[in-house]
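Numbering (my numbering), first residue to last: 116 to 514.
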């Protein structure tokens, strides 16, 4: 969605939301979904300020986390500085086995740092006061919007690179920020901004949609129930598309991790979410094959079909194989069940015995004399021998 279209839609959303959700006391009209921060007289506490980057930390409850979880935990416990975290983050991304999502996150910060160094920070970040319960010494603010811009400043500071702002050269240790009041509206702003980003992962988007509905309900102060239609209109998203996105949450945690690590798209994995949502054993197998195709395509290799088409074919094959295995398993179970049910076997043996006992010696003698010349006689003897062998096998070894 283009910027002009997005802002036009946003004005429409303000009008609709205030009537439907009771948001008359909440100002969304100065939100810049592309990173300008949150505005409006009712949420802005102060004018734009210059804050030291060490006095700021990412919000631990931010719906979208940029850092790997273990680095985020270290940072928020205060046992490691932002610069040290950034060094470890870059080392992880430089590893040959680093997942694309990790590499992409670091690359985006680096590119942003280069841009800020040359042209300055065009849009400042938005922060809120840091709660006392976090016990972060020297930290005064948590980031509401603009975490990557803050990390870009950390990057430049780590490398001691100044920022060129017109004719002035400024230190990256200071960053422009707008301070806003705390409250549930902040989380809604964060969710909306993140969900409108193009680089957000599919899992993050699905979870964010759920959280956005909860937060919009908080903003509405219970005046009216927020429906999925409200959320869809807020994001300019169709009902069908929202359903498809949220189906990714039906995958196993392991499968979801693959989707996130390799930045798989909804279109690519759609056959998996639609057909394998109740086949957890097949999800990983299908996703690993999809990842292999995606990597081959990135290397410039030509695939016979598009990845969504290949995935659709693969899912059909896996399901057919699964049906075949289930049929074989069912047949084997029936055979095992027959062998493991002595009562049924005993009854069948009794029926056969009673029938054969009706044959007296005269009848048996005539069978051998009269049938000896018949073509079926040899077949009769073969069946008798087979029966004898089976009966011998049923007897215990010491009999």
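All residues carry an ideal CB built from backbone N, CA and C; glycine is no exception.
Among 172, 229, 421 and 217, which one has its Cα closest to the Cα of residue 372? Taking only the C-alpha atoms, the option nearest residue 372 is 217.
Can residue 331 and residue 303 be called in contact, C-beta distance under 8 Å? yes
State the Cα-Cα distance for the pair residue 260 and residue 324, rounded to the nearest angstrom. 18 Å
Is residue 166 closer than 8 Å to residue 292 when the C-beta atoms are compared? yes
Could you give the residue range of the beta strand (DSSP E) that holds residue 294? 289-294
Enumerate in chain order the residues of its own chain whose CB-to-CB distance from residue 221 is below 7 Å, with the five nearest sequence positions on each side excluded. Only 204, 205 and 208 meet the Cβ criterion.
Assuming residue 394 is part of the alpha helix (DSSP H), what are its boundary residues? Premise fails: residue 394 is in no alpha helix (DSSP H) and is neither H nor E.
With 8 Å set as the bound, which would you pick, yes or no: does the beta-carbon of residue 284 sit closer than that to a beta-carbon of chain B? No chain B is part of this structure, which consists of one protein chain only.
Rounded to the nearest angstrom, what separates residue 201 and residue 359 at their Cα positions? Taken atom to atom, the span from the alpha-carbon of residue 201 to that of residue 359 is near 35 Å.
Identify every residue that forms a DSSP beta bridge with residue 419. Paired residues: none, contrary to the question.
For residue 233, report the span of its alpha helix (DSSP H) as first-last. 215-234
Where residue 431 falls, given that 16 or more other Cβ within 10 Å makes a residue buried: Classification for residue 431: exposed.
Own chain, CB closer than 7 Å to residue 404, minus 5 neighbours either side, in chain order: 429
Going residue by residue through the stretch 240-281, where are the continuous alpha helix (DSSP H) segments of at least 4 residues, counting only ones entirely within it? 262-273
Assess contact between the stretch 392-407 and the stretch 369-384, defined as three or more Cβ pairs (one per stretch) separated by less than 8 Å. Is contact present? yes
How is residue 179 classed by DSSP in three states: helix, strand or coil? coil
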